[in-house]
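Chains A and B are the protein sequences, given in the same order. Just so we're aligned, residue 4 is where the first sequence starts under the working numbering, counting upward by one. Just so we're aligned, residue 4 is where the second sequence starts under the working numbering, counting upward by one. All C-beta atoms in this analysis are idealised placements derived from N, C-alpha and C, irrespective of residue type, glycine included. Small disclaimer: the values here were computed from a predicted structure and weren't measured. See structure below.
Number of protein chains: 2
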Amino acid sequence: MADADSGLQLRSTVKSDGTLELSLAVVPTPDPKPEEVIVRMGASPINPSDQGLLFAGADLSTARASGTPDRPVVTARIPPPALPGLAGRLDKPMPVGNEGAGVVVRAGASPAAQALLGKTVAILGGSMYAQYRCIKAVQCLVLPPGTTAAEGASCFVNPLTALGMVATMRAEGHRALAHTAAASNLGQMLVRICLADGIPLVNVVRKAEHVAVLQGIGATHVCSSSEPTFMEDLTDALAATGATVAFDAVGGGRLAGQILVAMEAAINRTAKDYSRYGSTTHKQVYIYGSLDRGPTEFTRTFGTAWGFGGWLLTPFLQKIGFEAAQKLRERVAAEIKTTFASTYTKEISLAQALALDEIAVYGKLATGAKYLIDPNRDLG
Amino acid sequence: MADADSGLQLRSTVKSDGTLELSLAVVPTPDPKPEEVIVRMGASPINPSDQGLLFAGADLSTARASGTPDRPVVTARIPPPALPGLAGRLDKPMPVGNEGAGVVVRAGASPAAQALLGKTVAILGGSMYAQYRCIKAVQCLVLPPGTTAAEGASCFVNPLTALGMVATMRAEGHRALAHTAAASNLGQMLVRICLADGIPLVNVVRKAEHVAVLQGIGATHVCSSSEPTFMEDLTDALAATGATVAFDAVGGGRLAGQILVAMEAAINRTAKDYSRYGSTTHKQVYIYGSLDRGPTEFTRTFGTAWGFGGWLLTPFLQKIGFEAAQKLRERVAAEIKTTFASTYTKEISLAQALALDEIAVYGKLATGAKYLIDPNRDLG
């Protein structure tokens with residue numbers, strides 16, 4: 004193992020001329036304060052939620068490589084309409100990577116920090132695409148013995164989002180839910196949570212081949228939006244489950260609105276009287292992702308009792324409070340090899356994360372093509 | 004005055020072949036039960052919310068006239084995509100007209116009903132485009148002496164909706180609000196309510212000539228979406244007022260989404276740090292009308308703390324309960340000639356409501372072109 008006094012960190016910079024620049028910088032590793040530890044990162048996933056910060060909406064078809072094999076640099080053009088929303092980060096190099104796992108290699112003086120030395124921990128908080136990450140001991144989720152960093156790399160974003168969806172469904176009085184891009188790692192976790200907890204779930208996928216993936220892990224209702232019978236299939240599934248809330252990872256296009264249309268149709272199958280204002284049952288779609296970054300379009304043929312909204316993990320966790328969130332985290336750690344297991348297409352180094360051929364693959368946000376970065380691979 | 008034993012009633016029928024038929028039917032006037040009264044209707048407005056039931060989404064460019072001058076019949080073609088949503092009303096003649104006012108000409112035996120004989124009352128409940136309407140005495144809002152039926156015809160839909168917007172704004176923790184199609188009768192009421200109650204209001208209009216209308220009644224912030232500087236003007240007004248909730252009467256197109264974009268920009272003017280998830284302030288747009296029946300489109304550049312939703316008067320009134328609603332109704336009656344005064348372009352008879360040249364005008368839902376029906380005009 005190399006000297007931990009400094010290490011590489013992936014940086015994303017939006018320059019004031021409208022260029023995105025990705026690079027690797029050598030940053031000094033801080034001395035941990037008494038309550039802090041230094042984690043040597045072993046694995047960090049490239050989630051869709053990371054790519055917003057990483058690529059800043061740049062047009063990846065304009066990406067160009069420069070630099071050296073060890074210190075690659077990627078530049079790409081950001082479409083002018085996206086620039087006003089990026090004013091706050093102009094010319095500031097931003098570290099990237101929401102979550103990851105690794106081994107505690109240094110610890111501050113406090114007993115809580117010292118107790119973590121040598122342990123494999125999962126952590127959340129940004130700047131994870133780096134060889135070393137300084138973090139408070141209290142933020143470390145200790146993984147069960149025998150868990151690798153790769154196995155524990157995705158303990159937070161997807162697992163807590165999936166658990167948050169179920170908790171939100173319950174809190175808002177729905178008895179079943181629907182989910183799009185459902186063959187994703189997150190979607191598969193949701194299938195397993197709903198099976199374990201007895202919650203009816205409607206899975207919406209965009210490709211026919213994803214139907215079998217979900218059926219293979221026990222999903223009952225799987226509808227493919229690529230089928231000509233999609234709206235009927237979806238309405239049938241919503242009627243069978245009674246789902247009146249959906250979580251949508253796609254965002255753009257017509258899918259979110261189609262779900263509201265199908266929910267209304269499902270409810271009206273048992274309606275006694277015509278109401279020109281539609282059913283009185285509230286139908287809700289939460290958009291939590293932007294796999295399609297284009298505009299969202301909907302035709303308002305679903306009455307007046309409906310809502311679209313943004314959904315984000317952090318405010319949800321703040322709302323339920325630290326203790327309730329901690330229980331969720333502990334469930335994740337205990338079930339990290341089963342309910343919350345993730346699969347990855349490929350493991351890459353920090354330098355490979357800046358290779359144009361790899362960006363061309365993981366930048367597509369295709370379901371079933373998730374990359375894992377090992378920030379210490381091919382180094383030290 | 005003619006015999007009140009029967010009277011004309013306007014009917015809207017969606018036939019199973021996809022044709023809309025509007026006609027006048029002679030219906031018997033029921034004997035009022037002890038708690039009921041018979042109101043001889045003097046005035047009933049054609050609100051946008053009436054036109055959904057009246058026209059059932061028919062293509063008015065296909066409207067054809069038949070029948071006789073006294074008993075006109077209008078037919079029009081309903082676009083096939085609208086038909087599934089109308090299944091519940093196929094071949095059922097629907098009476099139309101949400102609200103109106105008139106004189107109590109017969110009363111049931113109860114003291115409450117008897118006390119209303121000869122009084123001019125405002126009523127809500129459908130079937131108002133008719134010479135006579137039987138209704139419970141408790142549903143009658145007695146108008147102050149000297150108030151005509153025309154003055155009291157719009158006591159419910161617009162006034163209670165405007166008051167409901169302010170109440171919703173307060174209940175959800177916002178301190179200012181925005182409103183679209185703001186030069187409408189409803190919009191002018193909202194301006195007067197907000198002036199009286201000290202609430203900052205952002206008015207959005209679609210035509211430059213409507214700006215002066217609102218400024219003339221004291222509105223401070225008026226933005227026209229037809230100006231090239233609209234987004235800047237809107238952002239300035241939202242920043243000045245702090246409005247984070249909007250009520251949108253337009254529905255279709257890009258306006259609702261533009262409001263969220265401008266709200267986010269207004270909030271970020273005072274933001275200290277860049278957050279890739281946008282501001283944490285919840286921004287809400289309620290769509291309560293469909294002046295544009297086309298699809299709604301929005302580009303998600305307003306962070307993750309946002310919501311779109313339907314808003315409807317009836318569930319709002321149910322939520323606040325009878326007593327709170329009654330207080331709102333009493334305020335309306337007391338201020339019907341001031342805060343809640345309505346203006347109409349034209350007063351027409353039931354037969355004129357089915358004249359193609361009139362439909363061509365009021366069917367446009369143009370702000371500032373509101374019609375009032377006098378169901379007993381040119382009759383008896």
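- The alpha-carbon of B:GLY221 is positioned some 36 Å away from that of A:PHE301.
- Listed along chain A, the residues sitting closer than 8 Å to B:ALA274 by beta-carbon distance are GLY91.
- Judged by DSSP in its simplified three-state form, B:ILE376 adopts strand.
- With fewer than 16 other beta carbons inside 10 angstroms of its own, A:ASP360 counts as exposed.
- Here A:ASN161 carries a helix assignment [DSSP, helix/strand/coil].
- Against chain B, a Cβ distance below 8 Å from A:ALA308 picks out GLY313, LEU315, PRO318.
- The segment 277-295 of chain B and the segment 284-293 of chain A do not touch, with fewer than three beta-carbon pairs separated by less than 8 Å.
- For B:GLU39, same chain residues with a beta-carbon under 7 Å away, outside a window of 5 residues either side, are GLY111, ALA116, CYS137, ILE138, LYS139, ALA140 in chain order.
- Taking a contact as a CB-CB distance under 8 Å, the pair B:ALA199 and B:THR342 counts as one, their CB atoms being some 7 Å apart.
- Per the Cβ contact rule, the segment 326-333 of chain A is not in contact with the segment 116-129 of chain B (fewer than 3 Cβ pairs under 8 Å).
- Scanning chain B for C-beta atoms nearer than 7 Å to the C-beta of A:SER293 yields ARG303, reported in chain order.
- The alpha carbon of B:LEU189 has as its nearest neighbour, out of B:GLU326, B:LEU163, B:CYS143, the alpha carbon of B:LEU163.
- Contact annotation: A:THR238 and A:ALA268 have beta-carbon atoms nearer than 8 Å.
- About 20 Å separates the CB atoms of B:LEU294 and B:ALA265; that is not less than 8 Å, and the two are not in contact.
- Fully contained in the segment 132-195 of chain B are the following beta strand (DSSP E) runs of length 3 or more, in chain order: 135-139, 180-183.
- If you ignore the 5 residues before and after A:ALA243, its C-beta comes within less than 8 Å of the C-beta of PRO203, HIS224, all in its own chain and listed in chain order.
- As the crow flies, the alpha-carbon of A:ARG195 is around 21 Å from that of A:THR348.
- Restricted to the segment 292-380 of chain A, the alpha helix (DSSP H) segments that are unbroken, complete and at least 4 residues in length are 316-323, 325-337, 353-356, 359-365, listed in chain order.
- Shown here is that no member of the segment 97-118 of chain B has a Cβ falling below 7 Å from a Cβ of chain A.
- Listed in chain order, the non-local C-beta contacts of A:ALA308 below 7 Å within the same chain comprise GLY281, SER282, THR283, THR284, HIS285, LYS286, local neighbours out to five positions each way being set aside.
- Within the same chain, and ignoring the five residues on either side of B:ALA211 in sequence, the residues whose Cβ sits closer than 8 Å to its Cβ are SER227, SER229, GLU230.
- With fewer than 16 other beta carbons inside 10 angstroms of its own, B:ARG272 counts as exposed.
- The beta-bridge partner set that DSSP reports for B:GLU102 consists of B:LEU127.
- GLY254: these are the residues of the segment 247-265 of chain B whose beta carbon lies less than 7 Å from some beta carbon of chain A, given in chain order.
- In the three-state reduction of the DSSP assignment, A:ALA66 falls in the strand class.
- If you draw a straight line from the Cα of B:ILE270 to the Cα of B:ALA184, it comes to about 23 Å.
- Assignment of B:GLY60 by DSSP, reduced to helix, strand and coil, places it in the coil class.
- Taking 8 Å as the cut-off, the beta carbon of B:THR22 is found closer than this to the beta carbon of B:THR78.
- The three-state secondary structure of A:PRO83, taken from DSSP, is helix.
- Look at B:LEU56: its C-beta is under 8 Å from a C-beta on chain A.
- By the criterion of a C-beta distance shorter than 6 Å, B:GLY105 is surrounded in its chain by VAL42, ARG43, MET44, GLY45, ALA152, once the five residues flanking it on both sides are discounted.
- Here B:ALA28 is near B:PRO96, since their CB atoms are less than 8 Å apart.
- Look at the segment 74-91 of chain A: the residues with a C-beta under 9 Å from a C-beta of chain B are PRO84, ALA85, PRO87, GLY88, LEU89, ALA90, GLY91.
- Within the segment 322-344 of chain A, contact with chain B at the beta-carbon level (separation under 8 Å) is assigned to no residue.
- Per the C-alpha coordinates, the member of A:LEU180, A:LEU263, A:GLN142, A:ALA174 positioned closest to A:GLN329 is A:GLN142.
- For B:ASP239, the secondary structure class from DSSP, reduced to helix, strand or coil, is helix.
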